[in-house]
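Input: a single structure, listed below in structure tokens.
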Amino acid sequence: MSKPNKPIMLFDCKTSQSVIGQDKFLKAFENILNHGAYCQGPETRELDEKLANYSGTKFCSTCGSGTDALTLALMAWGVKPGDAVFVSSFTFVASAEAPVLLGATPIFVDSDPNTFNMDVNDLRRAIEEVKKEGKLNLKAIIPVDIFGSPCEYDEIMAIAKEYGMKVLSDSCQSYGSVYKGKKAGSIADMSATSFYPTKPLGCYGDGGAVFTNDSEENELVKSCRVHGMSPADHYDNVRLGMTGRMNSFQGAVLLQKLTVFDQELKDRARVAKRYDNELDNYFGKQKILDNCQSAYALYTIHCEDRDELMAYLKENGIPCGAYYPRPVNTQTAYAEWNTRSLPVCEKLSKTVLSIPMTPYLDDEDLDYVITKMNEFAARKMNKAA
Ligand SMILES: Cc1ncc(COP(=O)(O)O)c(C=O)c1O
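When we follow this note's numbering, the leftmost residue of the sequence shown carries the number 86, and every step to the right adds one.
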């Protein structure tokens with residue numbers, strides 16, 4: 086089968102511009118140039134409302150990035166040195182970076198080999214270990230919806246309740262996903278998402294948002310977002326905070342992108358369904374929990390010959406990427422917290438491969454990717470027979 090004449094994309098941050106109409110973006114940008122409120126202007130305030138409605142939460146506070154969102158949520162809970170924060174290790178580094186920036190101790194938790202998400206049995210083990218040692222305060226859990234797929238929230242929330250902890254969902258890859266009827270943002274005590282351009286809902290720079298149903302928490306997030314400012318006196322900073330504002334241009338982009346978001350999610354699901362049904366079982370597929378929908382930030386398989394498959398796909402003009410080749414606990418800056426054995430994370434980091442996943446892949450692209458992947462699998466299985 087010959088390669089389609091157009092490039093196949095791993096991510097596609099641009100096609101939606103022509104679907105929506107570039108003129109709409111230009112008009113919105115012109116509006117900002119005219120009103121002059123470049124940071125947290127009317128666009129971001131409108132977006133806060135629209136995103137809260139979309140997620141089914143009372144409050145949404147947009148901010149500068151997903152990392153800011155995670156950090157702001159933890160700041161609102163007063164996370165500090167001496168606190169243990171339990172976090173998935175098979176993730177992008179920011180999930181663990183946020184608690185470390187606040188001086189807390191990250192306790193890395195292993196993954197489930199099928200969902201790739203936080204293993205609830207290992208979570209309980211990790212909590213018991215920390216409790217037995219008695220040196221740290223059990224503070225929070227950060228489950229990560231890896232590649233867009235929701236974690237086992239019922240179990241994680243129950244464990245958190247049992248030990249008196251809070252749950253911050255790292256939904257940075259999963260905005261638009263659904264867990265048992267609840268949209269990302271509305272499932273845990275607080276949720277953080279990212280609008281980095283490659284995310285399911287992406288802007289044209291950095292952006293993020295914090296979701297909560299608790300008005301006090303929301304006020305704390307909003308204060309920390311602007312250096313801990315008092316709402317009553319803008320020159321009195323009543324707590325430590327940061328520069329975490331979203332700029333109005335990103336707000337305007339996201340308001341436009343929201344108009345096609347549901348269709349894009351449907352198209353991501355269409356692509357995933359073809360992969361689920363047609364890719365050879367030689368490739369392990371990420372299990373999505375029953376009654377849940379992934380936002381499919383990425384479509385990720387696992388296979389023992391990952392590096393060979395990656396080279397073969399690239400030779401054939403199919404972009405792909407190993408997300409993530411090193412669990413966070415094994416990274417240099419995190420060496421001092423690399424205290425637990427995480428065999429599933431270690432294995433996943435050597436076997437996972439993300440293949441093209443955009444809402445704009447058509448049948449011609451998918452026929453080609455699936456055929457090439459299955460040819461690789463057939464060659465491997467013939468050799469093994
Ligand atoms: C799981 C996860 N957490 C946090 C982040 C951080 O988001 P941002 O890059 O917007 O700071 C990302 C972004 O890649 C992510 O994938």
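Ideal Cβ placement from N, Cα and C applies to all residues, glycine included.
Can you determine whether any heavy atom of ligand 1 sits closer than 7 Å to the C-beta of residue i, and answer yes or no?
i       : result
Gln-371 : no
Leu-159 : no
Ser-279 : yes
Thr-176 : yes
Cys-145 : no
Gln-258 : yes
Thr-152 : yes
Leu-155 : yes
Ala-380 : no
Gly-293 : yes
Phe-229 : According to the sequence shown, residue 229 is Val rather than Phe. Yes; taking the cut-off as 7 Å, the Cβ of Val-229 has a heavy atom of ligand 1 nearer than that.
Ser-254 : no
Ala-407 : no
Ser-87  : no
Ala-28  : Not covered by the structure: residue 28. The range shown for the chain is 86 to 470.
Ser-234 : no
Leu-180 : Checking the sequence, you will find Ser at residue 180 rather than Leu. Ser-180 Cβ: within cutoff of ligand 1.
Tell me whether residue i is buried or exposed, calling it buried when 16 or more other Cβ atoms sit within 10 Å of its Cβ.
i       : result
Asp-97  : buried
Tyr-320 : exposed
Val-61  : No information on residue 61 is available, as it lies outside the stretch 86 to 470 that the chain covers here.
Tyr-123 : exposed
Leu-486 : The requested residue 486 is not part of the displayed model; the chain covers only 86 to 470.
Glu-393 : exposed
Lys-224 : buried
Gly-219 : exposed
Thr-443 : buried
Gly-106 : exposed
Met-242 : buried
Phe-349 : A small fix is needed here, since residue 349 is Glu in this sequence, not Phe. Label assigned to Glu-349: buried.
Leu-339 : buried
Asp-318 : exposed
Lys-251 : buried
Ser-180 : buried
Lys-246 : exposed
Ser-439 : buried
Lys-217 : exposed
Leu-433 : buried
Looking at the strands, I want to know which residues DSSP matches up with residue i.
i       : result
Asp-255 : Val-229 and Ala-277
Thr-147 : Ala-294
Met-203 : Ser-196
Asn-222 : Asp-168
Asn-322 : Met-314
Ile-386 : Lys-370 and Leu-438
Pro-191 : Val-170
Val-263 : Lys-268 and Gln-378
Worksheet item: Three or more beta-carbon pairs under 8 Å between the stretch 146 to 160 and the stretch 340 to 353, yes or no?
Response: no
Worksheet entry | Cβ contact check for the stretch 165 to 177 and the stretch 198 to 218: 3 or more pairs under 8 Å | yes
Discussion item. Taking contact to mean 3 or more Cβ pairs, one atom from each stretch, closer than 8 Å, check whether the stretch 332 to 339 and the stretch 128 to 143 are in contact.
Written reply: yes
Discussion item. With three or more beta-carbon pairs closer than 8 Å as the criterion, would you say the stretch 358 to 366 touches the stretch 450 to 458?
Written reply: yes
Item to complete: Examine the Cβ distances between the stretch 400 to 412 and the stretch 292 to 304 and report whether three or more of them are shorter than 8 Å.
Response: no
Practice prompt. Could you tell me whether the stretch 266 to 278 touches the stretch 139 to 146, where touching means 3 or more Cβ pairs closer than 8 Å?
Written response: yes
Discussion item. Counting beta carbon pairs with one atom in the stretch 406 to 426 and one in the stretch 248 to 260, are three or more of them shorter than 8 Å?
Written reply: no
Practice prompt. State whether the stretch 229 to 239 contacts the stretch 377 to 384, with contact taken as three or more CB pairs (one from each stretch) at a distance under 8 Å.
Written response: yes
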